[in-house]
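Here the sequence shown stands for residues 1 to 87, where the numbers follow UniProt numbering.
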Amino acid sequence: MKSKLVVALAGNPNSGKTTIFNNLTGARQHVGNYPGVTVERKEGCRRHEDMEFKFVDLPGTYSLTAYSAEELVARNFIVDEKPDVVV
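Here you go:
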């Protein structure tokens with residue numbers, strides 16, 4: 001079993017991804033009640049017992065077909081970097 005897992009937080013815009021990211025990592029990334037707040041990926045780590053988790057907060061996207069620069073960031077991370085888990 002791997003001792004480090006990469007977890008991508010992906011989903012629709014304004015669905016709470018950054019709020020979850022902040023709670024899991026202790027980060028204080030800006031959140032807003034409107035789409036487009038996260039425009040680049042953010043990374044943070046958390047350790048639990050002997051396991052390390054790297055959480056990646058991705059910009060909101062409705063699909064893996066990118067229509068904007070922000071959606072392209074999310075698509076490229078999922079397709080090219082192949083995280084261990086996508087939530």
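The C-beta atom is built at its ideal place from N, Cα and C for all residues, glycine as well.
Buried or exposed: R75, going by 16 or more other Cβ atoms within 10 Å of its Cβ?
Stepping through the sequence shown from its first residue, residue 75 is reached at position 75. Its Cβ being crowded by 16 or more others within 10 Å, R75 is buried.
Buried versus exposed call for D57 [16 or more other C-beta atoms within 10 Å across all chains shown]
Position 57 of the sequence shown holds residue 57. Result: buried.
Suppose you measure from the CA of E49 to the CA of P59; what does that come to, to the nearest Å?
Walking along the sequence shown from the start, residue 49 turns up at place 49. Walking along the sequence shown from the start, residue 59 turns up at place 59. Looking at the two C-alpha atoms, the distance is approximately 29 angstroms.
Does DSSP classify L72 as helix, strand or coil?
On the sequence shown, position 72 is the one that residue 72 refers to. In this structure, DSSP gives L72 a helical state, which the three-state scheme calls helix.
Quick one: Cα of P83 to Cα of V6, how far?
The residue you call residue 83 lines up with position 83 of the sequence shown. The residue you call residue 6 lines up with position 6 of the sequence shown. Spanning the two alpha carbons is a distance of roughly 5 angstroms.
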